[in-house]
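Down below is the structure, laid out as structure tokens.
Number of protein chains: 2
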Amino acid sequence: MNHGTIRLYSYWRSSAAYRVRIALNLKGLAYEITPVHLLRDGGEQHKQAFVDLNPQQLVPVLLHGNRVLRQSMAIIEYLDETFPAPPLMPATARDRQRVRLVAQMIACDIHPVANLRVLQYLERNLGVDQAGREEWIRHWIRSGLDAIEETLADNPSTGTFCDGEQPTMADCCLVPQVFNAERFGVDMAPYATIRRIVQACNVLPEFIAARPERQPDAQAQ
Amino acid sequence: MNHGTIRLYSYWRSSAAYRVRIALNLKGLAYEITPVHLLRDGGEQHKQAFVDLNPQQLVPVLLHGNRVLRQSMAIIEYLDETFPAPPLMPATARDRQRVRLVAQMIACDIHPVANLRVLQYLERNLGVDQAGREEWIRHWIRSGLDAIEETLADNPSTGTFCDGEQPTMADCCLVPQVFNAERFGVDMAPYATIRRIVQACNVLPEFIAARPERQPDAQAQ
């Protein structure tokens with residue numbers, strides 16, 4: 001596809017960057033990755049070169065030609081409006097509400113509460129030890145996944161994917177969140193619908209290529 | 001305007017409910033409010049009658065006819081798609097990205113980190129005292145407003161409002177966040193652009209009618 005150059009500022013294990021990588025792959029868009037190491041040397045996201053791109057000092061940032069785009073859901077909707085096929089949003093206002101709902105249940109109410117900067121504040125300002133921080137992470141992930149499972153299960157709009165038979169922005173958010181849940185040892189047994197959807201996503205090449213361990217900046221564990 | 005019955009489950013001081021009240025008022029839609037008292041009796045949002053509407057146990061919930069809508073930004077976009085005039089989103093993909101960006105800088109990265117349920121976890125599980133919790137709130141608000149001020153200031157797309165000359169979803173999110181900032185004593189002096197925009201909003205009847213102290217469930221301080 002002919003389009004302006006696309007560059008993603010990404011960190012392999014960033015959940016928000018992972019969402020955008022999935023969306024770019026689903027759109028079939030070629031892009032280059034500039035890794036931003038969130039931990040090395042105090043965090044490259046805090047260096048002036050990156051702050052000039054994003055005063056929030058968070059990944060991802062997407063450059064599309066000379067446009068600087070930020071916030072993963074806003075980036076995905078932009079990609080969907082700019083490169084309509086295949087769609088990442090459903091056709092009706094009712095269904096779009098539902099896709100945004102699931103995406104926001106993750107991108108507002110799970111992920112930012114347990115993000116790196118919050119964990120660093122818990123550690124440095126409140127003296128919360130690693131066990132306490134990991135329990136914090138699991139608490140918010142479980143609380144969010146409980147509600148998402150209830151939203152998706154036994155709902156006629158739920159299909160192979162979060163909404164119907166094609167991946168949408170909701171799946172772009174769900175898969176990275178479940179990756180994080182497993183990373184931190186959340187018991188996924190209660191989430192049958194979520195597990196089924198994530199399995200359906202994770203056999204698709206667009207989702208596989210976006211996985212953290214496939215990224216150029218991935219590190220041995 | 002002729003439309004299905006609209007009912008908002010709201011709490012007067014909830015920042016997310018406040019966003020939706022502004023959007024409904026800007027659309028000129030009549031709606032009834034069902035108050036959900038977030039503190040009384042262990043929190044009415046945790047009672048089964050409300051959990052049946054929202055397994056996340058958060059306000060707001062909007063009923064539109066028989067549709068149950070959740071997540072404030074997803075609700076506002078639904079309202080904008082369903083009742084197009086006046087628009088709460090700009091006309092181009094580039095500008096919509098920018099409005100969603102500002103909205104998400106607030107609704108993802110400030111508000112959920114300092115929401116009631118997080119403060120309750122800090123208090124009950126981690127023993128953080130009131131002074132520590134209020135410093136937590138101010139820290140995340142300041143960090144977010146710093147980045148928003150930089151995003152809005154000296155940007156040609158910024159107008160009387162966050163994006164151009166009409167209120168958008170970004171303003172629906174910004175005004176409640178600044179209300180919260182002032183409530184918790186954040187020094188607003190560094191945020192000249194934000195203050196100017198919020199002042200422009202807060203003289204409009206649609207924003208005035210949405211204010212917490214104007215709500216049926218508002219309490220004397």
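Chain order of the listed sequences is H and Y.
With the first letter of the first sequence counted as 1, position 47 gets the number 47 in the UniProt record's numbering; the numbers rise by one all the way through.
With the first letter of the second sequence counted as 1, position 201 gets the number 201 in the UniProt record's numbering; the numbers rise by one all the way through.
Idealized CB from N, CA, C, for every residue including glycine.
- Within the same chain, 12 and 35 come within 6 Å of residue 217 of chain H by CB-CB distance, once the 5 residues on both sides are set aside.
- Not flagged as an interface residue toward chain H: residue 134 of chain Y, since no C-beta distance is shorter than 9 Å.
- Taking 9 Å as the CB threshold, residue 82 of chain Y lines the interface with chain H.
- Residue-level contact check: residue 139 of chain Y touches chain H, since one or more beta carbons of chain H fall below 9 Å from its beta carbon.
- By the C-beta density criterion, residue 174 of chain Y is buried, having at least 16 other C-beta atoms within 10 angstroms.
- Fully enclosed alpha helix (DSSP H) runs of no fewer than 4 residues occupy 93-107, 116-124, 130-152, 169-183, 192-202 and 205-208 of the UniProt domain "GST C-terminal" (92-220) of chain H, in order along the chain.
- Pairwise C-beta distances place the stretch 185-202 of chain Y in contact with the stretch 150-169 of chain Y, as three or more of them are shorter than 8 Å.
- Rounded to the nearest whole angstrom, the C-alpha separation of residue 124 of chain Y and residue 139 of chain H is 13 Å.
- Residue contact check for residue 146 of chain H against chain Y: a CB pair falls below 9 Å.
- Residue range 15-26 is occupied by the alpha helix (DSSP H) that includes residue 15 of chain H, with no beta strand (DSSP E) assigned at that position.
- For residue 39 of chain H, the number of other beta carbons within 10 angstroms of its own is below 16, and it is reported as exposed.
- Sorting Y:64, Y:95 and Y:167 by C-alpha distance to the C-alpha of residue 33 of chain Y places Y:64 at the top.
- Counting along the chain, residue 82 of chain Y sits inside the alpha helix (DSSP H) bounded by residues 72-82.
- Take residue 179 of chain H, set aside five residues on each side of it, and the residues of its chain with a beta-carbon closer than 8 Å to its own are 15, 18, 211 and 212, in chain order.
- Look at the beta carbons and you see the stretch 55-63 of chain H not touching the stretch 84-101 of chain H: under three pairs across the two are nearer than 8 Å.
- Taking a beta-carbon distance threshold of 9 Å, residue 70 of chain Y counts as an interface residue toward chain H.
- It is roughly 42 Å from the alpha-carbon of residue 121 of chain Y to the alpha-carbon of residue 28 of chain H.
- The C-beta of residue 122 of chain Y comes closer than 9 Å to at least one C-beta of chain H.
- Counting only Cβ-Cβ distances below 8 Å, residue 107 of chain H has contacts in chain Y at 104 and 108, in chain order.
- The beta carbon of residue 5 of chain H sits no closer than 9 Å to any beta carbon of chain Y.
- The residues 161, 162 and 201, in chain order, have a CB closer than 6 Å to that of residue 171 of chain Y in the same chain once the five nearest residues on each side in sequence are set aside.
- Residue burial annotation: residue 109 of chain Y is buried, with at least 16 other C-beta atoms found within 10 angstroms of its C-beta.
- Residue 32 of chain H has H:7 as its beta-bridge partners, per DSSP.
- DSSP, reduced to helix, strand and coil, places residue 68 of chain Y within a strand of the structure shown.
- Taking a Cβ-Cβ threshold of 7 Å, none of the residues of chain Y is close to residue 158 of chain H; the smallest such distance is about 14 Å.
- For the stretch 160-182 of chain H, the set of residues with a beta-carbon nearer than 9 Å to any beta-carbon of chain Y is empty.
- For residue 51 of chain H, the enclosing alpha helix (DSSP H) begins and ends at 48-51.
- Within 10 angstroms of the beta-carbon of residue 153 of chain H lie fewer than 16 other beta-carbons, which makes it exposed.
- The contact set of residue 74 of chain H on chain Y, defined by CB atoms closer than 7 Å, consists of 97, 100, 101 and 104 in chain order.
- Ranked by Cα distance from residue 190 of chain H, the options H:183, H:143 and H:157 are led by H:143.
- Taking a contact as a CB-CB distance under 8 Å, the pair residue 141 of chain H and residue 68 of chain H does not count as one, their CB atoms being some 30 Å apart.
- By the neighbour-count criterion, in which 16 or more other beta carbons inside 10 Å mark a residue as buried, residue 111 of chain Y falls on the buried side.
- The C-alpha of residue 51 of chain H lies about 7 Å from the C-alpha of residue 45 of chain H.
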